[in-house]
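Number of protein chains: 2
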Amino acid sequence: MDFTEVVRRPAYEQVAEQLREAILSGSMPAGSELPSERELTDSFGVARTTVREALRALQAQGLAIADRPTSPLRVARAAELSAGPARDAFVHLLRLGAAPLSDLVELRCALEGAAVGAAARQRRVVLDDARAEVEVMRGITDDVEAFEEADVRFHLALVAASGNEALHLVMLAVREPVGVHLLASLRALGDPVPVLRRLTREHAKIVEAIEAHDGTLAAERVAAHIRGLYKRSLG
Amino acid sequence: MDFTEVVRRPAYEQVAEQLREAILSGSMPAGSELPSERELTDSFGVARTTVREALRALQAQGLAIADRPTSPLRVARAAELSAGPARDAFVHLLRLGAAPLSDLVELRCALEGAAVGAAARQRRVVLDDARAEVEVMRGITDDVEAFEEADVRFHLALVAASGNEALHLVMLAVREPVGVHLLASLRALGDPVPVLRRLTREHAKIVEAIEAHDGTLAAERVAAHIRGLYKRSLG
DNA sequence: GTCTGGCAGCTGGTCTGACCAACAGGCAAG
DNA sequence: CTTGCCTGTTGGTCAGACCAGCTGCCAGAC
């Protein structure tokens, strides 16, 4: 006889599973409201506490969203999913992974290199946001905090221009821990002005390469730019 | 007067937030057990139902894990995060249509390209695992399932050879959602034998390039290999 | 001595029933 | 037509209870 191990799945998990499948399969349209907790209690034949635990799980995964507290949950739309918990998953991953800064920088180079390559391949690239941030940076002289913020927006705009949501997601997650170190490096500079000027020029050059649809050149420039940024931190 | 909107955060969310921060900050080491629900009830001064809702959220995010049902929760390890919620995030993204498969393939190219590049730069590369998998694939004729499994191990070995933990973690998450489509493509083949042969040769060529410390060539070969794999799926 | 059985005290899983605050709608008095 | 109240619904929270499964201890049987 070969017996098979007994499986015990908690009720809240089964409830969550069914709801999850209903959402992902599209039988509950994005944006529509979920049934009230008391209704679900009847539908599944479990107590409200059980239903609530299932809902908390769905909420944490970003498949269900509460616009305001105390308002009924809605099925998440695609865009909301990537903006919220999906990004958190990678933020948590990188924080718990405790990867050294050099690894994160390497990862960032790979992501952004691929992003600008993809952006350059597009027939019509939307780079308005990126260009706008370059202008912002041109207007900054020695305010490293403001510069760093513009820098974040610039690089995210680059990745957004690629139109690749997966790249964008991971980029969002990796940008944060790495940005902290950048800011520290900039702050440690005696005279930040020439450095900020140089970085701004590099940004402009990257945009130029993408506009010229030269993906290889753009990728090279991005990689050089990023590695240069963290050279000091990495020693 | 400029008033600021009143913020109301549910108790379960605040409990989850505190626990999450404790986990991510490392004050609860990975693998260690969380306090029992009744202890947390006392610590936070809330009812057990509230604590449980917070725990369900952490569990859904993958930060807390129950080995068996009815066993106390433990703090997750990084690898478990990439295998769990981060992977699910991609799966949900795909199913909800927030990102096409081609985006994930593109991401995978970027990650693996960077990985083999980094591996080639190392003075002494450890490619034994990758080579072993190539041998396994050489021994397979038409068993696509076994081939796919060896393929997974091969590509993970490549990324592991780069020594970059961040790349590895993200790769773990993206590999499976993408692998499902690969398997479907292979199954759809009338005669898989010549295809598997070709893929095996490509794998061997990639290993060769890394051993020759030619990162550029290795990256090119990896990218071509991966894109070729999914050409059918992408149409 | 070792092994067995059973008890006691944990844990998580679930339920019941209750109360409150916030919101939406209807309805009546101004 | 507005104001204001009343009511029913929703989510948020609580207290208390019970069960099932696990763990460790200890006494009795061999």
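Protein sequences appear in the order of chains E and Y. Per UniProt numbering, residue 1 is the first one in the first sequence, and the count goes up by one each step. Per UniProt numbering, residue 1 is the first one in the second sequence, and the count goes up by one each step. The beta carbon of each residue, even a glycine, is placed where N, CA and C say it ideally should be.
Inter-stretch contact (C-beta, 8 Å, three-pair minimum) for the region 86-99 of chain Y and the region 167-177 of chain Y:
For the pair of segments examined, the region 86-99 of chain Y was found to touch the region 167-177 of chain Y: the number of CB pairs separated by less than 8 Å reaches three.
Environment of Thr141 of chain Y [buried if 16+ CB atoms lie within 10 Å]:
For the purposes of this step, residue 141 of chain Y is identified with residue 141 of the second sequence, where counting begins at 1. Residue burial is scored here from C-beta neighbours: Thr141 of chain Y has fewer than 16 other C-beta atoms within 10 angstroms and is therefore classed as exposed.
Alpha carbon to alpha carbon, how far is Ile210 of chain Y from Glu149 of chain E?
For the purposes of this step, residue 210 of chain Y is identified with residue 210 of the second sequence, where counting begins at 1. For the purposes of this step, residue 149 of chain E is identified with residue 149 of the first sequence, where counting begins at 1. Cα-Cα distance, rounded: 38 Å.
Val125 of chain Y versus Ala119 of chain Y - alpha carbon distance:
Translated into the one-based positions of the second sequence, residue 125 of chain Y becomes position 125. Translated into the one-based positions of the second sequence, residue 119 of chain Y becomes position 119. Their Cα atoms are separated by approximately 6 Å.
Which residue marks the beginning of the beta strand (DSSP E) containing Ile65 of chain E, and which one marks its end?
What you label residue 65 of chain E is simply residue 65 of the first sequence in a count that begins at 1. Unbroken beta strand (DSSP E) run through Ile65 of chain E: Ala64 to Ala66.
Taking just the CA atoms, how far does Ala99 of chain E sit from Ala166 of chain Y?
By 1-based counting over the second sequence, the position of residue 166 of chain Y is 166. By 1-based counting over the first sequence, the position of residue 99 of chain E is 99. Taking the straight line from one Cα to the other gives about 6 Å.
Using the rule of at least 16 other Cβ atoms within 10 Å of the residue's Cβ for burial, across every protein chain shown, is Pro72 of chain Y buried or exposed?
Residue 72 of chain Y sits at position 72 when you count from the first residue of the second sequence. With fewer than 16 other Cβ atoms within 10 Å, it is exposed.
Does the CB of Glu33 of chain Y have a neighbour CB from chain E at under 8 Å?
The count along the second sequence starts at 1 and reaches residue 33 of chain Y at position 33. Not one chain E Cβ lies under 8 Å of Glu33 of chain Y.
Where does Val6 of chain E sit, in a helix, a strand or coil, going by DSSP?
As a first step, residue 6 of chain E must be located in the first sequence, where it is residue number 6. Secondary structure of Val6 of chain E (DSSP, three-state): coil.
What residue range is occupied by the uninterrupted beta strand (DSSP E) comprising Leu73 of chain Y?
As a first step, residue 73 of chain Y must be located in the second sequence, where it is residue number 73. Boundaries of the beta strand (DSSP E) around Leu73 of chain Y: Leu73 to Val75.
Using a Cβ-Cβ cut-off of 6 Å (strictly less than) and excluding sequence neighbours within five positions of residue 320 of chain E, which residues of its own chain qualify?
Residue numbering for chain E in the displayed model covers 1 to 235; residue 320 of chain E lies beyond these limits and cannot be assessed.
Is there contact here, the region 51-60 of chain Y with the region 28-42 of chain Y, by at least three beta-carbon pairs under 8 Å?
With a cut-off of 8 Å on Cβ pairs, the region 51-60 of chain Y is in contact with the region 28-42 of chain Y, counting three or more such pairs.
Who does Glu33 of chain E pair with in a DSSP beta bridge?
For the purposes of this step, residue 33 of chain E is taken as the residue at position 33 of the first sequence. Glu33 of chain E is bridged by DSSP to E:Arg74.
Beta carbon proximity, Gln18 of chain Y to chain E, threshold 8 Å:
Counting from 1 along the second sequence, the entry for residue 18 of chain Y is found at position 18. It does not; no Cβ of chain E falls within 8 Å.
Can you confirm whether Asp88 of chain Y, when its beta carbon is compared against all beta carbons of chain E, has any partner nearer than 8 Å?
Translated into positions along the second sequence, residue 88 of chain Y becomes position 88. At least one chain E Cβ lies under 8 Å of Asp88 of chain Y.
With a threshold of 16 other CB atoms inside 10 Å of the CB of Gly97 of chain Y, please say whether the residue is buried or exposed.
For this step, residue 97 of chain Y is matched to residue 97 along the second sequence. Flag for Gly97 of chain Y reads exposed.
Secondary structure of Asp214 of chain E, DSSP reduced to three states
Numbered from its first residue, the first sequence carries residue 214 of chain E at position 214. It is coil, neither helix nor strand.
Which residues in chain Y have a C-beta closer than 8 Å to the C-beta of Ala209 of chain E? List them in chain order.
The residue given as residue 209 of chain E occupies position 209 in the first sequence. Result: empty, since nearest Cβ-Cβ is about 17 Å, beyond 8 Å.
Within 8 Å of any Cβ in chain E, is that where the Cβ of Ser82 of chain Y sits?
Indexing the second sequence from 1 puts residue 82 of chain Y at position 82. Interface flag for Ser82 of chain Y against chain E is set, since a Cβ pair is found closer than 8 Å.
When DSSP labels each residue in this structure, what does Val15 of chain Y get in the three-state scheme?
Residue mapping note: residue 15 of chain Y aligns to position 15 of the second sequence, counting from 1. Here Val15 of chain Y sits in helix by DSSP.
Starting from the Cα of Arg123 of chain E, find the closest Cα among E:Ala157, E:Ala173, E:Pro192 and E:Ala212 and give me that residue.
On the first sequence, position 123 is the one that residue 123 of chain E refers to. The residue with the shortest Cα to Cα distance from Arg123 of chain E is E:Ala212.
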